[in-house]
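For reference, the structure is listed below as structure tokens.
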Amino acid sequence: MSLRTRRTGLTIATAAATLAGSVLIAGPASAGGGPSPNEFAREVETGEVVEHLEEFQEIADENGGTRASGTPGYDASGDYVQEELEDAGYEVERQYFDFVSSTTVTETLTVGGALVEVQALEFSPSGTATGTLSAVVADDATPGCEATDFPATVAGTVVLVPRGICTFAEKQQFAAAAGALGIIIINNVPDEPVNGTLGEGATGIPVGGVTQATGEALLGQVGAAAVLDIVVDVAEMTTFNLIAQTPFGDPDNVIMLGAHLDSVPEGAGINDNGTGSAGILEVAIELADEERTQNAVRFAWWGAEESGLIGSSEYVASLTEAEAGQITGYLNFDMIGSPNYIIGVYDANQSTYEAPVAVPAGSESLEQVFTDYFDRKRQPWVDTEFSGRSDYQGFIDAGIPASGLFTGADDVKTEEEVALFGGTAGITHDPNYHSPADDLSNVNRTALGINVKAIAYATWSLAQDPTPLDLTDNGGGHGHGHGGGHGGGHGSGDGHGHGHGGHDKGHDAAA
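To convert, note that position 401 of the sequence shown is 400 in numbering that gives the first Met the number 0; the numbers rise steadily by one, no gaps.
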């Protein structure tokens, strides 16, 4: 993603104070007639959600294998969702916005004549760096963060630099000033690629990243011939969000659900995030049939999430303070059908993970709607870090309470998670994450069904509770197992590849 200064139309402190006492918490009973939450959940069928996924797959197949924002595949996905919503009786708003995309065309590294797996950083300058391999060997906690870390001997080389503390862009600038032709960032956590960004407008030498193990092996090859070839296509584009709200229910008490509709350019994105998009679409369709709720329900399909949470950020920035105050809570669904899944709930009460962001008051109560539901169903679940690193970031920045579900991405599944959910230890929750193989065959329908029912239950519960409660969230309480962590980074980060075993939904600017 790009580093973006996110505009806000709110006075954050005022919005937080307005919203802190207005979250709706609901039990299993229905307060406004119609089905109970459990009955409504049974009406939302997994098979119907899969049919939406089949449509997304067909759209990708007909449009170059991708549904990325700014492409015909994304536009067709939006058309499909809008048509389904309008057929169900919704009025649909398209919110257009501009964004800058960074698409990797080429990312290759050859050392000593052998190919080495490398990943281009987002917004890396394009270029081919040919020279010997060198390395920064810093004996402090800030490797590559001072000009003195780059001696004259790096001139004319491709230089290896450990990840840590300062931004990738700063390391690139110091390396270029010393005469390096290219730079390779070595990750500082095991088994994970460097998903990083230099930020929009980056110039200079090309930058790639390698895993910790690959980097350690390369350090033993210093002095060998190296060629780093990176081509990144940077383009300004226009795309859109889709917004739809029930025509019934109190418009001053709105529960909002969102999922990003776009894929990465490399693939169809059927798990990431066709699953979340299809799940809330089917809930919206079934909800329209009920024709009555106490509170209004708003649904959103976000564009350009994979370019840096841009669609959701633009949406929140467009709200007036009064409009933001109508949203009593936001529920985010990003990857809910991972093949080697966990059932993760955002850890708003920080019972497992200390949140690296401010958690708006009321978020714990939203979390509890999901965890109480899973507990009553005897469905195991784990905490996943409340990091703000998906489309709920803009909402929590505005003081709006949030929660959500997540089934894992590029975190490695543990034996403890296998004991809870089955699957295979030692491989990632989604081995096809951000790849061309994220297609319809990549979706675990058991995980999808569990999460879709939970989404439907929470939606009806929160839509039917007529009484805003004054909630004081005090944390603690319920942690089941160890969460999969929805980490990784949009924004500056703290210099680590992932927070608490989290998955990287974007690109971190911090090295």
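From the three backbone atoms N, C-alpha and C, an ideal C-beta is built for every residue, glycine too.
What you are looking at is a predicted structure, and each value in this text was computed from that prediction instead of being measured.
Item to check | Start and end residues, alpha helix (DSSP H) containing residue 218 | outcome: Start at 1 with the first residue of the sequence shown, and residue 218 comes out as number 219. Bounds of the alpha helix (DSSP H) holding residue 218 are 211 to 218.
Item to check | Beta-carbon spacing of residue 209, residue 218 below 8 Å | outcome: Walking along the sequence shown from the start, residue 209 turns up at place 210. Walking along the sequence shown from the start, residue 218 turns up at place 219. Not a contact, by the Cβ cut-off of 8 Å.
Next on the checklist: To the nearest angstrom, how far is the alpha carbon of residue 63 from that of residue 357?
Outcome noted: The residue given as residue 63 occupies position 64 in the sequence shown. The residue given as residue 357 occupies position 358 in the sequence shown. Roughly 40 Å between the two C-alpha positions.
Checklist entry - Relative to the C-alpha of residue 79, which residue among 96, 97, 53, 98 is closest? => result Locating residue 79 in the sequence shown gives position 80, where the first residue counts as 1. That would be 53, whose Cα lies nearest to the Cα of residue 79.
Next on the checklist: Considering only the alpha carbon of each residue, which of 252, 190, 339, 346 lies closest to residue 463?
Outcome noted: Position 464 of the sequence shown, counted from the start, is the residue given in the question as residue 463. Nearest option by C-alpha distance: 252.
Item to check | DSSP state of residue 153 mapped onto helix, strand, coil | outcome: The count along the sequence shown starts at 1 and reaches residue 153 at position 154. It is helical.
Checklist entry - In three-state DSSP terms, what is residue 349? => result As a working note, residue 349 is residue 350 in the sequence shown. Assignment of residue 349 by DSSP, reduced to helix, strand and coil, places it in the coil class.
Checklist entry - So what does residue 132 bridge to, in DSSP terms? => result Along the sequence shown, one-based indexing puts residue 132 at 133. In the DSSP output, where bridge partners are listed per residue, residue 132 has 157.
Checklist entry - When burial is assigned at 16 or more other CB atoms within 10 Å of the CB, is residue 426 buried or exposed? => result As a position in the sequence shown, residue 426 is number 427, starting the count at 1. Per the 10 Å Cβ criterion, exposed.
Checklist entry - Considering only the beta carbon of each residue, do residue 280 and residue 428 sit closer than 8 Å? => result Translated into the one-based positions of the sequence shown, residue 280 becomes position 281. Translated into the one-based positions of the sequence shown, residue 428 becomes position 429. For the pair residue 280 and residue 428, the CB atoms are not nearer than the 8 Å cut-off.
Next on the checklist: Please report the distance separating the alpha-carbon of residue 129 from that of residue 224.
Outcome noted: Along the sequence shown, one-based indexing puts residue 129 at 130. Along the sequence shown, one-based indexing puts residue 224 at 225. If I take the Cα positions, the gap works out to 8 Å.
Item to check | Whole-Å CB distance - residue 447 paired with residue 400, under 8 Å assumed | outcome: Within the sequence shown, residue 447 is the residue found at index 448, counting from 1. Within the sequence shown, residue 400 is the residue found at index 401, counting from 1. Under the criterion of beta carbons closer than 8 Å, residue 447 and residue 400 do not qualify as touching, at roughly 26 Å.
Checklist entry - What number of angstroms, rounded off, separates the C-alpha of residue 404 from the C-alpha of residue 177? => result To locate residue 404, count along the sequence shown from 1; it is residue 405. To locate residue 177, count along the sequence shown from 1; it is residue 178. Residue 404 and residue 177 have their alpha carbons spaced roughly 46 Å apart.
Item to check | DSSP three-state assignment for residue 284, whether helix, strand or coil | outcome: Stepping through the sequence shown from its first residue, residue 284 is reached at position 285. Helix.
Checklist entry - Residue range of the alpha helix (DSSP H) that residue 375 falls in? => result Here residue 375 refers to the residue found at position 376 of the sequence shown. Taken as a continuous stretch (DSSP letters only), the alpha helix (DSSP H) holding residue 375 covers 362 to 375.
Item to check | beta strand (DSSP E) segment containing residue 185, residue limits | outcome: The residue given as residue 185 occupies position 186 in the sequence shown. In the DSSP annotation of this structure, the continuous segment of the beta strand (DSSP E) that includes residue 185 starts and ends at 181 to 185.
Checklist entry - In three-state DSSP terms, what is residue 431? => result On the sequence shown, position 432 is the one that residue 431 refers to. Note: residue 431 maps to coil in three-state DSSP.
Item to check | Given residue 304 as reference, the closest of 388, 361, 46 once Cα atoms are compared | outcome: Mapped onto the sequence shown, residue 304 falls at position 305. Residue 388 is the option with its Cα nearest to residue 304.
Next on the checklist: Starting from residue 311, trace the alpha helix (DSSP H) in both directions and tell me its first and last residue.
Outcome noted: Taking the first residue of the sequence shown as position 1, residue 311 is located at position 312. Taken as a continuous stretch (DSSP letters only), the alpha helix (DSSP H) holding residue 311 covers 309 to 317.
Item to check | Identity of the residue in 383, 397, 380 nearest residue 326 by Cα | outcome: On the sequence shown, position 327 is the one that residue 326 refers to. Looking only at 383, 397, 380, the smallest Cα-Cα distance to residue 326 is reached by 397.
Checklist entry - How would you write the range of the alpha helix (DSSP H) that residue 100 sits in, first residue to last? => result Locating residue 100 in the sequence shown gives position 101, where the first residue counts as 1. Taken as a continuous stretch (DSSP letters only), residue 100 belongs to no alpha helix (DSSP H), being part of the beta strand (DSSP E) at 91 to 110.
Checklist entry - Just how far apart, CA to CA, sit residue 508 and residue 88? => result In the sequence shown, the residue the question calls residue 508 occupies position 509. In the sequence shown, the residue the question calls residue 88 occupies position 89. Straight-line Cα distance between these residues: approximately 43 Å.
Checklist entry - Of the residues 115, 322, 173, which one's Cα is nearest the Cα of residue 142? => result Stepping through the sequence shown from its first residue, residue 142 is reached at position 143. Taking only the C-alpha atoms, the option nearest residue 142 is 173.
Checklist entry - Alpha carbon to alpha carbon, how far is residue 93 from residue 242? => result Here residue 93 corresponds to residue number 94 of the sequence shown, with the count starting at 1. Here residue 242 corresponds to residue number 243 of the sequence shown, with the count starting at 1. Cα-Cα distance, rounded: 7 Å.
Next on the checklist: Between which two residues does the alpha helix (DSSP H) holding residue 188 run?
Outcome noted: As a working mapping, residue 188 is identified with position 189 in the sequence shown. Counting along the chain, residue 188 falls outside any alpha helix (DSSP H), and DSSP gives it neither H nor E.
Next on the checklist: Counting beta carbon pairs with one atom in the stretch 132 to 141 and one in the stretch 229 to 238, are three or more of them shorter than 8 Å?
Outcome noted: Short answer: they don't touch.
Checklist entry - When you compare only the Cα positions, how much space is there between residue 41 and residue 201? => result For the purposes of this step, residue 41 is taken as residue 42 along the sequence shown, with counting starting at 1. For the purposes of this step, residue 201 is taken as residue 202 along the sequence shown, with counting starting at 1. CA-CA distance, residue 41 to residue 201, rounds to 50 Å.
Item to check | Between the CA atoms of residue 206 and residue 68 - distance to the nearest angstrom | outcome: To locate residue 68, count along the sequence shown from 1; it is residue 69. To locate residue 206, count along the sequence shown from 1; it is residue 207. Going from the Cα of residue 68 to the Cα of residue 206 covers about 24 Å.
Item to check | Residues near residue 229 by beta carbon distance below 7 Å, same chain, minus five either side | outcome: Looking up residue 229 in the sequence shown gives position 230. Excluding residues within five positions, the ones whose Cβ falls inside 7 Å are 105, 106, 119, 123, 125, 126, 205, 207.
Item to check | Anticipated Cβ contact below 8 Å, residue 315 with residue 254, distance rounded | outcome: As a working note, residue 315 is residue 316 in the sequence shown. As a working note, residue 254 is residue 255 in the sequence shown. Wrong, their Cβ atoms sit about 16 Å apart, outside the cutoff.
Item to check | Through-space distance from residue 455 to residue 117, alpha-carbon basis | outcome: Here residue 117 refers to the residue found at position 118 when the sequence shown is read from its first residue. Here residue 455 refers to the residue found at position 456 when the sequence shown is read from its first residue. Cα-Cα distance, rounded: 41 Å.
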